[in-house]
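Peer 1: Numbering (our numbering), first residue to last: 368 to 439.
All residues carry an ideal CB built from backbone N, CA and C; glycine is no exception.
Handing you a structure now.
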């Protein structure tokens, strides 16, 4: 079974937009979710994956943040 949901935790407004990628081999990557207006909070925010699948590797790319340079 593949990843169908995920939960992110961070301080409010640290992550505003992100993309999630999946890869079977850590070489070929497929975008499986894109989020704008993420509204993530320190209690955790749930997201349903747009195109779930079964992958060995996952990558989260923050495409917009609230001005913080140390989002991790």
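Put residue 405 into one of helix, strand or coil per three-state DSSP.
Peer 2: It is coil, neither helix nor strand.
Peer 1: DSSP three-state call for residue 392: helix, strand or coil?
Peer 2: Note: residue 392 maps to coil in three-state DSSP.
Peer 1: Please report the straight-line C-alpha distance between residue 402 and residue 394, rounded to a whole angstrom.
Peer 2: If I take the Cα positions, the gap works out to 23 Å.
Peer 1: Is the Cβ-Cβ distance between residue 382 and residue 428 less than 8 Å?
Peer 2: For residue 382 and residue 428, no; Cβs fall outside 8 Å.
Peer 1: Per DSSP, residue 374 forms a beta bridge with which residues?
Peer 2: Paired residue(s): 413.
Peer 1: Helix, strand or coil, according to DSSP, for residue 420 in the structure here?
Peer 2: If DSSP states are grouped into helix, strand and coil, residue 420 belongs with the strands.
Peer 1: Straight-line CA distance for residue 415 to residue 405?
Peer 2: Residue 415 and residue 405: Cα-Cα distance of roughly 12 Å.
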